[in-house]
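K.L.:
Everything in the sequence shown is counted per my numbering, starting at 6 for the first residue and increasing by one.
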Amino acid sequence: MITHAAYVHDETASLLPYVGAGILVASDIQVARTVGRISQEMDPLVLLAVALSVRAVREGQVCLLLDQIAGSLNSAYPQQSGAVLPALPTVQVWVKHLSTSRVVQVSSQAISAMPRPLVLEGNRLYLDRYWHYEVVLARQLLLRAQTDGGLFDRDLLNNELFEDSFGSAERGDPQRLAVYRALTHRLTVISGGPGTGKTRTIAQLLRQVNVLAVREGRSLVSALAAPTATAAKRMTLALHREGEAEERVAGTTSMTYGLQATTLHRLLGANPFRGFAYNRQNLLPHDLVVVDEASMVSLPLFARLLEALRPDASLVLVGDPFQLESVEAGAVLGDIVGSTFVDRPIGPMSDAIVHLEKQHRFKERSRVAEFADAIRNGQTDEAIRILSSNDSADLEWINDEHGSEVLYRRAAVNAIEVIEAARRGDSKAALENLLELKIICATRHGQKGVLHWSSRIEQLVRSRHPEYIGEHDWYVGRPIIVNRNDYLNHLFNGDAGVVVDLGKPVAVFSEVAEVRSVPLARLRDIETWWAMTIHKSQGSEFDSVIVSLPEPPSPVLSRELLYTAVTRAKRSVSIVASEESLRAAIGHPSERSSGLSNRLWGLSK
């Protein structure tokens with residue numbers, strides 16, 4: 006078997022202990038070797054910094070914190086392999102080596118005529134590209150936050166549209182304040198957890214934009230976007246539901262009908278060969294861009310979006326900064342919002358951020374809401390106390406095998422309901438039943454992973470109804486989820502459907518106002534969807550969820566992972582985890598190294 010050590014050459018031999026400890030992999034080594042050979046830089050400390058910087062981006066970090074890297078390596082890999090790591094230098098020594106290296110640009114010095122692969126800024130070491138992304142994004146956000154003016158003059162927003170003055174609105178409904186801010190400024194950040202009215206706020210914003218544009222005789226172009234195709238589809242569906250509710254109340258045609266959200270990549274005209282069609286030389290034509298699920302947007306994509314916006318366009322970012330971050334580098338929404346939930350710091354970004362905190366999804370004094378708040382605030386003992394109280398039908402804790410068997414059977418009952426609806430050709434009922442209960446797991450493999458749950462559910466269904474699930478994968482009632490964008494069939498990563506008997510087995514998927522069928526022979530890269538990973542569930546909603554966590558030590562356990570899982574539920578949550586797993590998750594907040602908070606707020610992170 007070829008190991009990563011096979012890729013360590015003489016010039017990078019000093020990195021071998023880090024390979025043996027599982028810290029560095031082949032790609033990290035090869036980048037360091039290539040940089041060293043091209044530049045003739047053979048300093049082991051510089052080559053180690055290159056490799057660790059590549060690793061940092063691979064793990065979602067924007068930069069390498071030189072003053073923290075020793076502690077993070079020792080805590081993440083405590084004698085994992087028996088390898089003895091060399092003692093890392095002091096920050097002062099490392100900075101001295103880096104600042105005199107031909108492969109490092111020191112940001113405080115004059116910019117070199119020749120680009121260099123690394124940028125050193127204080128104790129933060131960046132790959133050059135990510136330093137530029139961060140600088141561009143910070144500059145654009147601050148410029149927009151500090152520039153007066155927006156889509157409409159404040160004088161237009163009179164009592165007919167807003168029941169009282171802006172001064173009163175500031176002290177009143179935060180949803181209305183968010184709409185006002187978005188109409189009159191070039192940057193608005195709407196943050197809030199699930200059920201706090203973010204979608205309703207977007208719908209009201211779009212309605213007001215249309216009303217005011219008609220009044221002024223203007224034609225404004227708006228765009229709705231999200232980081233993934235699935236999130237864009239869910240945004241469209243949610244706005245459609247808001248439109249239906251508006252029609253029932255007002256008796257008029259909603260202006261949210263017909264609006265279609267797209268992915269940020271499509272909005273920017275991404276092309277795998279030519280990059281983005283819209284950029285700083287070719288700006289987007291839109292007057293208003295609303296980005297939902299902004300917590301999932303990576304630093305590079307955020308920077309590309311800000312570069313491509315017209316200076317006079319308005320940008321609205323919507324999301325929950327406590328959810329899981331992008332799978333790529335950065336935690337941009339969290340950096341933008343910073344600590345404003347706690348102490349409302351004064352700074353150029355302060356007025357741009359509106360928090361929606363009132364919970365509309367759960368009933369008053371909901372145990373699920375209390376549990377989610379305890380997770381979000383890192384209150385481990387309080388979270389365990391809430392779970393242990395066992396005084397609510399909407400929250401239960403299963404930490405033994407007998408309880409797990411009860412949940413397996415409950416999931417099997419739901420699966421039988423899905424299969425029976427699919428067998429009688431009722432596509433709508435089958436899809437609706439799929440959303441009543443969903444198992445979401447931290448991992449794919451293992452005793453508490455996705456594959457185990459799916460297999461156990463199918464075994465139980467087969468034991469009760471052998472005719473429902475045979476040996477063939479494509480049984481009627483099989484729920485499926487798409488794993489890769491399929492442009493031919495207009496299916497995207499995360500889209501979920503079910504196999505239904507419509508004279509012959511076909512796969513059906515929910516669209517905005519209809520159910521669409523796709524022949525089974527045309528489907529590619531799909532898997533069974535009785536259970537899913539927490540990462541893939543982000544942005545989804547289910548009536549009830551079963552959250553399954555592995556035993557520690559597991560590198561995936563984090564506070565954000567558990568919070569995201571729990572907040573997928575609209576009604577009830579069942580937690581399948583040991584107390585040790587829960588404590589490990591809640592006590593481990595995800596921290597991504599970047600300098601964006603410092604650039605926006607003057608705060609280190």
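Glycine is no exception: its CB is placed at the ideal position from the N, C-alpha and C atoms.
What residue range does the alpha helix (DSSP H) around SER393 cover?
P.N.:
Run containing SER393: 385–394, per the alpha helix (DSSP H) assignment.
K.L.:
Locate the beta strand (DSSP E) running through ALA334, then write down its first and last residues.
P.N.:
No beta strand (DSSP E) holds ALA334; DSSP gives it neither H nor E.
K.L.:
Got a sec? Which residues, its chain only, sit under 8 Å from GLY592 by beta carbon, not counting five neighbours each side?
P.N.:
Excluding residues within five positions, the ones whose Cβ falls inside 8 Å are GLY383, THR385, ARG564.
K.L.:
In whole angstroms, what is the alpha-carbon distance linking TRP99 and SER602?
P.N.:
Near 24 Å, if we compare the C-alpha coordinates of SER602 and TRP99.
K.L.:
Taking DSSP as the reference, what is the three-state secondary structure of ILE421?
P.N.:
DSSP places ILE421 in helix when its eight states are reduced to three.
K.L.:
Work out the CA separation of GLU596 and VAL581 for me, nearest whole Å.
P.N.:
Roughly 25 Å between the two C-alpha positions.
K.L.:
Pair every Cβ in the region 431–441 with every Cβ in the region 529–549, then say whether three or more of these pairs are closer than 8 Å.
P.N.:
Result yes; three or more Cβ-Cβ pairs closer than 8 Å.
K.L.:
Could you give the DSSP three-state label for TYR131: helix, strand or coil?
P.N.:
Note: TYR131 maps to strand in three-state DSSP.
K.L.:
Note down the Cα distance separating ASP292 from ILE539, rounded to an integer number of angstroms.
P.N.:
Between ASP292 and ILE539, the C-alpha separation is close to 35 Å.
K.L.:
Does PHE611 come out as helix, strand or coil in the three-state DSSP assignment?
P.N.:
Outside the modelled stretch of the chain, which goes from 6 to 610, sits residue 611, for which no answer is possible.
K.L.:
So LEU90 and ARG60 are supposed to be a Cβ contact under 8 Å. How far apart are they, rounded?
P.N.:
Contact flag wrong, Cβ pair sits at about 14 Å.
K.L.:
Okay, do the region 460–474 and the region 416–435 touch, 3+ Cβ pairs below 8 Å being the bar?
P.N.:
They touch, by the three-pair rule.
K.L.:
Decide yes or no for the touch test of the region 45–57 against the region 322–340: beta carbon pairs closer than 8 Å, at least 3 of them.
P.N.:
No contact exists between the region 45–57 and the region 322–340.
K.L.:
Assign PRO179 to one of three DSSP states: helix, strand, or coil.
P.N.:
Helix at PRO179.
K.L.:
Give me, in chain order, the residues of the same chain whose beta-carbon lies closer than 7 Å to that of MET240; leave out the 5 immediate sequence neighbours on both sides.
P.N.:
Within the same chain, MET240 has close Cβ partners LEU229, ALA231, ALA266, ASP297.
K.L.:
Comparing C-alpha positions only, which one of SER32, SER44, GLU46 sits nearest to SER58?
P.N.:
Comparing Cα positions, the closest option is SER32.
K.L.:
Between the region 527–542 and the region 476–489, are three or more C-beta pairs nearer than 8 Å?
P.N.:
A contact exists between the region 527–542 and the region 476–489.
K.L.:
Considering only C-alpha positions, which residue in the set VAL24, GLY127, GLN45 is nearest to LEU69?
P.N.:
Checked all of VAL24, GLY127, GLN45; the closest Cα to LEU69 is GLY127.
K.L.:
According to DSSP, simplified to helix, strand and coil, what is SER559?
P.N.:
Three-state DSSP puts SER559 in coil, outside helix and strand.
K.L.:
Which residue from ASP500, PRO555, ALA92 puts its Cα closest to that of SER522?
P.N.:
When each option's Cα is compared against that of SER522, the closest is ASP500.
K.L.:
For ASN490, does the count of other Cβ atoms within 10 angstroms reach 16, so buried, or fall short, so exposed?
P.N.:
ASN490 comes out buried.
K.L.:
By Cβ distance below 7 Å, which residues in the same chain neighbour THR204 in space, the five residues on each side in sequence not counted?
P.N.:
Around THR204: ALA243, LEU244, GLU247.
K.L.:
Can you grab the Cα-Cα spacing for the pair GLY198 / GLU362, in whole Å?
P.N.:
The straight-line gap from Cα to Cα measures roughly 7 Å.
K.L.:
Using the rule of at least 16 other Cβ atoms within 10 Å of the residue's Cβ for burial, across every protein chain shown, is LEU192 buried or exposed?
P.N.:
Per the 10 Å Cβ criterion, buried.
K.L.:
Under a Cβ-count criterion, where at least 16 other Cβ atoms within 10 Å of its own Cβ denotes burial, should GLU139 be classed as buried or exposed?
P.N.:
Buried.
K.L.:
Using a threshold of 8 Å, state whether the C-beta atoms of GLY65 and GLU472 are closer than that.
P.N.:
Not in contact: GLY65 and GLU472 (Cβ atoms no closer than 8 Å).
K.L.:
Please check the pair VAL571 and ALA377, which I expect to be a contact at CB under 8 Å, by giving their CB distance rounded to whole angstroms.
P.N.:
That belief holds up - the Cβ atoms of VAL571 and ALA377 are roughly 5 Å apart, short of 8 Å.
K.L.:
For the beta strand (DSSP E) containing LYS575, list its first residue and its last residue.
P.N.:
Unbroken beta strand (DSSP E) run through LYS575: 574–581.
K.L.:
Going by DSSP, what residues sit across from GLU532 in a beta bridge?
P.N.:
Looking at the DSSP assignment, GLU532 forms a beta bridge with ILE486.
K.L.:
So, for ARG604: in the same chain, excluding its five sequence neighbours on each side, which residues have a beta-carbon less than 6 Å away from its beta-carbon?
P.N.:
Result list for ARG604: ALA143, in chain order.
K.L.:
Check this for me: beta carbons of VAL481 and ILE421, under 8 Å apart or not?
P.N.:
Cβ distance not < 8 Å, so VAL481 and ILE421 don't count as in contact.
K.L.:
Measure the C-alpha to C-alpha separation of VAL520 and ASP431 and round it to an integer number of angstroms.
P.N.:
Approximately 11 Å between the Cα atoms of the pair.
K.L.:
Take GLY40 and list the residues in its own chain whose beta-carbon comes closer than 6 Å to its own, dropping the five residues that flank it on each side.
P.N.:
Looking at the sequence shown, residue 40 is not Gly but Val. Same-chain partners within the cutoff: VAL55, VAL108, PRO122.
K.L.:
In this structure, how does DSSP classify TRP402 when only helix, strand and coil are distinguished?
P.N.:
Strand, per DSSP.
K.L.:
With a Cβ-Cβ cutoff of 8 Å, do ALA334 and VAL561 count as a contact?
P.N.:
It is not a contact, given that the beta carbons lie outside the stated cut-off.
K.L.:
In chain order, what residues of the same chain have a beta carbon less than 8 Å from the beta carbon of LEU697, not counting five sequence neighbours either side?
P.N.:
Here the chain covers residues 6 to 610 and nothing more, so residue 697 does not appear.
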